[in-house]
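Some notes on the structure that comes next.
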Amino acid sequence: MNAESHLLVARELTKRFGGLVAIDALSLEVRRNEILGLIGPNGSGKTTFFNVITGIYASDSGETVFDGNDISNLPAQAVYRAGIARTFQRSRLSLPLSIFDNIMVGNHMHLDQGLWFNLGRRGAFKRQFEEQFERARELIKIFDPPLADRMFEAVGGFPMIDRRRIEICRALISQPKLLLLDEPSAGMTHEETTQLMNDILEVKERVTDLTVIIIEHEMGVIERITNDCVVLNFGRKICQGSYQEVAADMQVQEAYLGIK
Amino acid sequence: MKRTLPEFGVLLPGIAGLIVLTVYLALLLQVESQTEIAALLVIAVVAALAATRFGVMPRIGRSFREFEGPFSLAIACAVLVMVAYFHEDHFILLLIATVIIYIIVTLGLNIQFGFVGMLNFAGAAFFGVGCYTAAVLTKNTPLPHLLILVIGGLMAAFIGSLLILPVLRTRGHYSAVITIAFGLLFKIFLEVNDVLGGPQGLHVDGMNVLGWEFNKNIEIGDDLEISFYVNYIIVGLLVLGLSFTLVRRLERSWIGLNLDAIRLDETAAACFGLNLIRWKVTAFTVGNFLIGMAGALYAMMVGFIAPTNFTFGDSLIMVSIVLLGGIGNPWGLVVATIILVIVPEKLQAIQEYRFLLFATMVMLMLLFRPEGLLPRPLRTYFPAWKPR
Amino acid sequence: MDIGLLGQYIMNGLMLGMMYALVAVGFTLFFGVLDVINFSHGDVLTVGAFTGLATSLGLTALGISSAPLVVVIVFLSAIVCMSALGAFIARYLVLPLKSAPALNTLLLTLMLGIVLHEAVRLFYPQGANPQRFPSLLSTEAYSFGHFTLRVDSALLLLAGLAVIIGVHLLINKTKLGLAIRAVAQDEETAKLMGINFTLIVLVTFAIGSGLAAFAGIMHGLYYSEINFGMGLLLGVIGFSAAIVGGLGNIYGAIIGGFLFAALQTIGALALPFASAYKDVFAFGVVILIMAWRPTGLISEKVSERV
């Protein structure tokens, strides 16, 4: 195994909730600059895997190596700083806040957090604010240019597709090396999903050095955008390969369709 | 910069609103007859409803937002005009000073509750820490009194930091109970403790800054005597101005954004690197500092403090002000404090019923208008700033 | 220490523990079905005690003096009225805020608590002063050395025990209890199974509030005095007991209640010179326990780490 070519390596990760084993000795490698699809039936441990990687849950055993560094059981804040950003299954934007505010939450590590800088040096603060405003605007333009003119409107007033876009911008603004997308198509129509996938592919083209793991139920999406797929069932990896390979696999059909 | 006509159009509603409010408040403070006060209050409610109905409120709000600096100064001036008008009426000036001090307290609570979402049902206790600090220090030390104000705030922040561990380890309901328990503990402790005067309380020296005795009426010439409360109003306004600026700048900075993000979704905030503990501690400490400082000023002004000033009911009134005013909006606090402090003092009939009345008001507010009287607007980092 | 005196302390502690446990069970029931904390619970207890007092005075005025009858009517009227109040609170104050932030429910019920006890203070005749609660039960007592067993205390303890067993049977052996447990476990699934969610919530609030009324009368009979502020302390301690037992866990709440009483009793025994500080001690322990085990001593809930 070549450490250079793998951005993320998970070894024997296990997470239990009481008696339930949500992920079970899961080992997984993610190559740099690929889009990896993570699929599996409900409750197969996909989101738990994200939550363990990002430090929301501590794993019970196993280790995670990211970009050559051990990030097993680091707190969520440190995982973010290491360069992993994510979206959530049920969009977790702050609805009462503006688009700009939401994106800036994701931009935490590029903002000066000093007490004196924020309270005392309003001139310097304003320069940073204007700089970051431009960055946020450029980013959101990739997704939907009209949104760039509505940066100071509350997110709660926007439709689901825009919220997904904003949420992905929030994750991208920190320029992560790894982007975790948790079911970005949930709650959207087929057309909207297609649109959003176009956006993601466009971002992927513009940003060098971005690796994506995407949890998705829509096989069309998986087929279209991923280079590689991992199928989970009962917290275990049952199959890995290209979409075509995975789709042909008997175990996968069994997991999804119950065909024996 | 050339003043253009549209700008004047933005300014005008604010100016008109300020003048009407000042005159109204002066009238409300002046009138003694209970029926007239009741009538004035009814007029205020009707006028407020009408103003909302006909879209006057948003325009006034816009004036204030876009010219916040000038309007803040104008309000301070309006207060001073009122003070000049009532210059010998102790009772009315005491009320004005109390309003000012309470606004400082609720600004502190607003940082905790409105921004970062930490409940503090021990507001009266932290206020009391400031009061008792002032009482002990004015009696026993030669420390300059302005410094004692600061120490009062620091003491409250310090006591708060003892509570911070349990508060941080718990969430929502649980930390609410911790602060309730602390508030009750504090009051009972004061009552059974002899060193701090027990139930009888303590005497507090008046403020004295560089020989300027605050508790003496100011005499100018032979027949102009100005109530000593004016001294406290001036210092109170200064402290309030600083606190208000602090809260405003806090809100309009990345820190304010951090606090909002933590309030709205801790998990998401942590996933984007926000250090929850750091910001909660900051908000809790700064909030308690303001509350304690206000307490120290209050103690020196009233000259006498006892445990009965710091009950759970008082803490709830403080929280009520934040809720009624519009969580997170400092201007809402100003309006709500004026209502909650002045109305029961003027309208004797409801004095006895004030807890009942306020609690009912807050309940109705939560059920039907949870965003408060003056809902908090979206954050603008620089109010007049427009994207290029 | 004298055995008799020790017995006295234990009796006192058991009595306190019973009251705390009854209050804590209410908190834990509400939390179970609706994931809310009803902070007005302590003040519902106060109103229940005053309802009982008013009933007994009314009966006296009517000339009904048969002691057992009076006791039964006093308990029943308080429990029925508070059950109704509890259901009312659930229906018109708590359920409407179901989709609002949890904070709002907390504040609403806190304010409701104020409204309730202020209403007692202002509108009950002489409500601002402590009220004497009549001794409705036999005041006979048997002495064993320094230990005096009052018949009424023993009866109250037995009655409390019966109520707790009753709640246990209700929750575990009846269809209603099954429905309550189903709602507590998973609201959506329970609804799909055809359980009337709103009704179950109302019934649960009625049961919890009835328990509070029972505890309120118990308090009145045991101490022969009630006042408008009594609910605050009982509420805070009852809530803490529920937390210690793990919110949502009925047995935990009962154990938590007795644990708190034990702590207070031990505190009073160990620090007799500092008896004035006993409430300071109680609240200090509340804070410390919550700092130590924020999700309770018994619960094993999965929580996010951040």
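Residue numbers (the working numbering), protein chains in the order written: chain A, 44 to 303; chain B, 522 to 909; chain C, 957 to 1262.
Even for Gly, the Cβ is constructed at its ideal location relative to N, Cα and C.
These numbers were taken from a predicted model, which means no experiment stands behind them.
Check your understanding: How big is the Cα-Cα spacing for Gly963(C) and Tyr1207(C)?
Key -> In this model, Gly963(C) and Tyr1207(C) are separated by some 25 Å (Cα to Cα).
**Study point:** For Arg164(A), the three-state DSSP class (helix, strand or coil)
**Key:** coil
Review point. Under 8 Å between C-beta atoms, does Arg690(B) make it to chain C?
Key: yes
Check your understanding: Quick one: does Tyr976(C) have its CB under 8 Å from some CB of chain B?
Key -> no
Practice item. For the segment 992–1005 of chain C and the segment 1231–1251 of chain C, state whether three or more C-beta atom pairs, one from each stretch, are separated by less than 8 Å. Key: no
Point to revise | Contact belief for Met974(C) with Ile699(B) at Cβ below 8 Å, rounded distance in angstroms | key: Met974(C) to Ile699(B), Cβ: 25 Å. No contact.
Point to revise | Assigned secondary structure, Ile99(A) (DSSP; H/G/I helix, E/B strand, else coil) | key: coil
Review point. Can you name the start and end residues of the alpha helix (DSSP H) that Gln869(B) belongs to?
Key: Gln869 to Gln872
Check your understanding: Is Thr254(A) helix, strand or coil when you go by DSSP?
Key -> strand
Exercise for review: Could you run through the segment 80–103 of chain A and flag, in chain order, every residue whose CB is less than 7 Å away from some CB of chain B?
Suggested key: Thr97 and Ile99
Exercise for review: Mind checking which residues open and close the alpha helix (DSSP H) that includes Arg586(B)?
Suggested key: Val577 to Glu587
Review point. Roughly how far, in whole angstroms, is the beta-carbon of Leu795(B) from the beta-carbon of Ser137(A), given that I think they are within contact range, below 8 Å?
Key: At roughly 12 Å, the Cβ-Cβ gap does not stay under 8 Å, so Leu795(B) and Ser137(A) are not in contact.
**Study point:** Backbone secondary structure at Arg1261(C) - three-state DSSP
**Key:** Confidence at Arg1261(C) is low in this model, with a pLDDT of 45, below 50, so its placement is unreliable and the value that follows should be read with caution. Arg1261(C): coil per DSSP, three-state reduction.
Exercise for review: Entirely within the segment 1105–1180 of chain C and at least 4 residues each: give me those alpha helix (DSSP H) ranges in chain order.
Suggested key: 1107–1129, 1131–1141, 1143–1148 and 1153–1179
Check your understanding: At a cut of 8 Å, does the segment 172–180 of chain A reach the segment 225–236 of chain A through at least three beta carbon pairs?
Key -> no
Point to revise | Sequence-distant residues of its chain with Cβ nearer than 7 Å to Leu1244(C) (five each side left out) | key: none
Check your understanding: From which residue to which residue does the beta strand (DSSP E) around Phe1006(C) run?
Key -> Premise fails: Phe1006(C) lies in the alpha helix (DSSP H), His997 to Leu1018, not in any beta strand (DSSP E).
Check your understanding: Who does Ile82(A) pair with in a DSSP beta bridge?
Key -> Val274(A)
Practice item. Mind checking the segment 552–584 of chain B against chain C and listing, in chain order, the residues whose C-beta falls within less than 8 Å of any C-beta there? Key: none
Exercise for review: Would you please verify whether the beta carbon of His151(A) is less than 8 Å from any beta carbon of chain B?
Suggested key: yes
Practice item. Please list the partners that Ala790(B) has in chain A, where partner means a Cβ-to-Cβ separation under 8 Å. Key: Val148
Review point. Could you check where the beta strand (DSSP E) with Gly284(A) kicks off and where it finishes?
Key: Arg279 to Gly284
Practice item. Thinking Arg583(B) and Val531(B) are a contact (beta carbons under 8 Å), I'd like their distance in whole angstroms, please. Key: Rounded, the Cβ-Cβ distance is 6 Å, consistent with contact.
Review point. To which residues of the same chain is Leu1105(C) closer than 6 Å at the C-beta, ignoring the five residues directly before and after it?
Key: The residues are Tyr1098.
Practice item. Could you list which residues in chain C have their beta carbon closer than 9 Å to that of Tyr874(B), in chain order? Key: Glu1074 and Leu1078
Practice item. Ignore the nearest five residues each way along the sequence and tell me which others in Asp103(A)'s own chain have a CB closer than 7 Å to its CB. Key: Exclusion of the five residues before and after Asp103(A) leaves Thr57, Lys58 and Arg59 as the residues of its chain whose Cβ lies within less than 7 Å of its Cβ.
Review point. With burial defined as no fewer than 16 other Cβ atoms inside 10 Å of the residue's Cβ, what is the status of Val1119(C): buried or exposed?
Key: buried
Review point. Beta-carbon of Tyr902(B) versus every beta-carbon of chain C: anything under 8 Å?
Key: no
Point to revise | Test: Ser764(B) CB closer than 8 Å to a CB of chain A | key: Closer than 8 Å: no.
Check your understanding: Among Tyr100(A), Ile99(A), Arg124(A) and Phe131(A), which has the Cα closest to the Cα of Asp110(A)?
Key -> Arg124(A)
Check your understanding: Which bits of chain A does Ala782(B) rub up against, with CB to CB less than 7 Å?
Key -> Ser137 and Val148
Review point. DSSP state of Thr662(B), grouped into three classes?
Key: coil
Review point. Between the C-alpha atoms of Val620(B) and Val1241(C), what's the straight-line distance to the nearest angstrom?
Key: 36 Å
Check your understanding: Straight-line CA distance for Asp292(A) to Asn150(A)?
Key -> 41 Å
Exercise for review: Give a yes or no on whether 8 Å exceeds the smallest Cβ distance from Ala795(B) to chain A.
Suggested key: The amino acid occupying residue 795(B) in the given sequence is Leu; Ala does not appear at that position. Yes, Leu795(B) lies at the interface with chain A (some Cβ there is under 8 Å from its Cβ).
Check your understanding: When DSSP labels each residue in this structure, what does Leu745(B) get in the three-state scheme?
Key -> strand
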